[in-house]
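Chemist:
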C-alpha cells in the first residue's frame, strides 16, 4: 500500500515537473518567431465558405473575427456549438463578413496539426479529444492556456500580440477588407481568446484606420494595454460562469490598483459589462447551448447571438434579417449592461 | 552506472543545498570531489541562468547558432562571477574575521550555494516567471549566507556582515580595476552575437516587426487569389469524388 502511494507520488512528481518544463519552454515559439527563426509566412487553412461564414461580401459594413476558446488545434472548429453560433450570427447579420478560420494560439496561424515536429502528437490529442479518452485532449487546452499566459506576460506580450495583430490583419485582407475604409472590425474572443483579442488591438490599430470593437464572450484576460486601445469592449458574462474569474490572477484586474489599464479603461467608459443571464462558461448551460432556455423561452445560444448581433448593428448599421430576438425588449436591454462582475 | 559516475551523490547534494540544509555546506568541504561537484553545479546553474535571461538574445534577433554561442558565453561569465565571489568571501574570511581557511573549501561552499540557481531556467515561464525570479533571488541570498556561515564557521550576524562586505567589495571591483574584464566580457558577447545588442526588454513596447508581405499587397493578393482558386478546385473535386464513391 505504502509502496503504491510512493510510486504514485513519484509519477505525479514527474508529471508536474514535466508540465513546469513544458511551461518554461513554451515562449520559445513566440521568441523564435520574433527572431526570424521560422520565417515570415502566415499559414492559412483554406477552408471553403459554407455560404454564410467565411463569405466575401463586397461593400460589407462590418467585419467580424471570431477567436475560438482554448480547445482548438487549427483555424477549423470541430465544435458543433461554435458552428451553430457562427451560422446563426452570419444569418442575423447577413451583410457582415464573419471570419472564423483563425487559430489565435499561434504566432503565424500555424495549426498544431501542421507543426513540423509535433503534428503527430497533436493529431493524436485531437483524435482523443473527439473519440476519447478525453484526458489526452486536455493537452491541447494546456498548450493553448500557456499561449494565453504568453500574451498576458509583460515580456512576451508585446511580441505575441504583434504577431496576433498581423494574423488578424491577414485574415481581414483575405476577405477583401479595404485598409483605407472606415469599416469597423469586431473581434469576438471566447474564453482565453479574449486575451488574444485585447492584446492584439493595440497593434492592429496601427495597421487599420477603422474602429475596433472587442466582444469578450466569458473572456479571460489580463489588464492589457490593449484595453485602452479599443473603441469599446463588451464583456459578456454569465452568472454561472466561474472560469471567467480566472482573470483575477492578473493583479491589474483588481479594483485596488486604480491606475491599471483595466481600471483606467473602465473609468474612461471604454468597457461595458454585459450580464447575459445564468450561463456557464462552456458545454451544457454555456453561452452557446441551444438546449438550455432562459425564462423567456429563448435558448442561451439565441440570446448570445442576439446580444452580439445587436452590438454589431449598433456600431455598424448592419441590416437585420430574421435575427434571433429576445422577448420583452432588445437583447442588450435584457442583458443588463453595466452590471459589476 | 549512474552511481559509478557519482550522479546520486551530486543529486543528493543539490537537493540538500536547495533545502538549505546546514550540514551539507559543512560536509562539502570534506567529501572527496567536493570541488568538482561545486563546479558542476556552478556550470549548470550558469547555463540555466543564461537560458532564463535569453529573452534579450531573442529580442535582438540572433540567429540560432549565434544564440547558442551567446548562451555559452553568458554561462561562462556566470562562472567568472562565481570565482569572484569565492575570492571575495575568502578574503573577507581571512582578513576581516581572521579565519584560517583554504580557498578550495570556500570554493566548495560558495559553489554549492549556486544550487537554487539551477532553477533559473523557470524564470522563462510565462506570467509566473517574474514572481518566481524574485523568489529565486531571495532563495539564493539565503543560500549564500548559509554557505558563508558554514564555510567560515561564523555566527549568523557575522555571516550576514561577511556577505554584505563581499557584495560591497564586488561592486567596488566592478567599477574600478574590474572594468577591463567586464568590458572584455561585453566585447566577447557582442562578437558571439554577431549583431549589435542594442535592444533591452524596456525597448519592447516600441519595437515593431514589419512583415514583408505587407510591403507589396498587390503581389500578395494575386498569390492568395491563385491559392484560393486552387483550393476551391481541390475542395470541389474532393466533393465530387466523395459523391461518386457514395453512389458506387
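Residue numbers (our numbering), protein chains in the order written: chain A, 1 to 341; chain B, 1001 to 1248. We put the CB at the ideal spot given by N, CA and C, even for glycine.
#1: Using DSSP's beta-bridge definition, name the partner residues of residue 272/A.
#2: Given residue 293/A, which residues of its chain have a CB within under 6 angstroms of its CB, disregarding the five upstream and five downstream residues?
#3: Could you check the C-alpha separation between residue 1085/B and residue 1037/B for me, to the nearest Å?
#4: Give the straight-line distance between the Cα atoms of residue 2/A and residue 9/A, rounded to the nearest whole angstrom.
#5: With 8 angstroms as the threshold, decide whether the Cβ of residue 1243/B is near any Cβ in chain A.
#6: So what does DSSP say about residue 341/A, is it helix, strand or coil?
#7: Chain B partners of residue 114/A, CB-CB under 9 angstroms?
#8: Helix, strand or coil: which one does DSSP assign to residue 19/A?
#9: By the 10 Å Cβ neighbour count, where 16 or more other Cβ atoms means buried, how is residue 1065/B classified, buried or exposed?
#10: If you drop the 5 nearest sequence neighbours on each side, which residues of the same chain put their C-beta closer than 6 angstroms to that of residue 26/A?
#11: State yes or no: is the beta carbon of residue 1199/B nearer than 8 angstroms to at least one beta carbon in chain A?
#12: What span of residues does the beta strand (DSSP E) with residue 1160/B cover, start to end?
#13: Quick check: what's the CA-CA separation for residue 1240/B versus residue 48/A?
#14: For residue 1223/B, decide whether its Cβ has a neighbour in chain A, counting only Cβ atoms nearer than 8 angstroms.
#15: Taking the straight line between their C-alpha atoms, what separation do you get for residue 200/A and residue 63/A?
#16: Specify, as a first and last residue, the run of the beta strand (DSSP E) that residue 378/A falls within.
#17: Straight-line CA distance for residue 236/A to residue 1198/B?
#18: For residue 135/A, name the three-state secondary structure that DSSP assigns.
#19: Can you tell me which residues form a DSSP beta bridge with residue 186/A?
#20: For residue 207/A, which option in 164/A, 218/A and 245/A has the closest C-alpha, if you only look at C-alpha atoms?
#21: Taking only beta-carbon atoms, is residue 1058/B less than 8 angstroms away from chain A?
#22: Suppose you measure from the CA of residue 171/A to the CA of residue 102/A; what does that come to, to the nearest Å?
#23: Does chain B have any CB closer than 8 angstroms to the CB of residue 31/A?
#24: Ordered along the chain, which non-local residues of its own chain (more than five positions away) have a Cβ less than 7 angstroms from that of residue 1204/B?
#25: Which whole-angstrom value is the C-beta distance of residue 224/A and residue 157/A, which I expect to be below 8 angstroms?
#26: Three or more C-beta pairs closer than 8 angstroms, one from the stretch 172–183 of chain A and one from the stretch 1148–1168 of chain B: is that the case here?
#27: I want to verify the contact list: residues of chain A whose CB lies under 8 angstroms from the CB of residue 1061/B, in sequence order.
#28: Check whether the Cβ atoms of residue 1158/B and residue 1097/B lie closer than 8 angstroms to each other.
#29: Counting along the chain, where does the beta strand (DSSP E) carrying residue 305/A start and finish?
#30: Can you give me, in chain order, the residues of the stretch 162–182 of chain A that have a beta carbon less than 7 angstroms from any beta carbon in chain B?
#31: Here's the rule I'm using: 16 or more other beta-carbon atoms within 10 Å means buried, otherwise exposed. How should residue 279/A be labelled?
#32: Alpha carbon to alpha carbon, how far is residue 250/A from residue 1244/B?
#33: List the whole-angstrom C-beta distance separating residue 1014/B from residue 1115/B, where the pair is believed to meet the contact cut-off of C-beta under 8 angstroms.
#34: Quick one: is residue 1216/B buried, meaning 16 or more other Cβ sit within 10 Å of its Cβ, or exposed?
#35: In whole angstroms, give me the CA-to-CA distance for residue 1005/B and residue 120/A.
#36: Does the Cβ-Cβ distance between residue 1070/B and residue 1192/B come in under 8 angstroms?
Modeler: So, to answer that:
#1: 234/A
#2: 299
#3: 17 angstroms
#4: 11 angstroms
#5: no
#6: Confidence at residue 341/A is low in this model, with a pLDDT of 42, below 50, so the placement of that residue should be treated as unreliable; the coordinate-derived value is given next. DSSP places residue 341/A in coil when its eight states are reduced to three.
#7: Those within 9 angstroms of residue 114/A in chain B number zero; the least Cβ separation is about 15 angstroms.
#8: helix
#9: exposed
#10: 146
#11: no
#12: From DSSP, residue 1160/B is part of no beta strand (DSSP E) but of the alpha helix (DSSP H) over 1156–1175.
#13: 15 angstroms
#14: no
#15: 16 angstroms
#16: Any answer about residue 378/A is impossible in this case: the structure gives chain A only from 1 up to 341.
#17: 43 angstroms
#18: helix
#19: 64/A and 213/A
#20: 164/A
#21: yes
#22: 7 angstroms
#23: yes
#24: 1059
#25: 7 angstroms
#26: no
#27: 34, 35 and 36
#28: yes
#29: That residue, residue 305/A, is in no beta strand (DSSP E); its alpha helix (DSSP H) goes 300–316.
#30: 162, 166 and 174
#31: buried
#32: 55 angstroms
#33: 5 angstroms
#34: exposed
#35: Low per-residue confidence applies at residue 1005/B: pLDDT is 48, beneath 50, and the placement is therefore not dependable, though the value from the model is reported in the following sentence. Going from the Cα of residue 1005/B to the Cα of residue 120/A covers about 37 angstroms.
#36: yes
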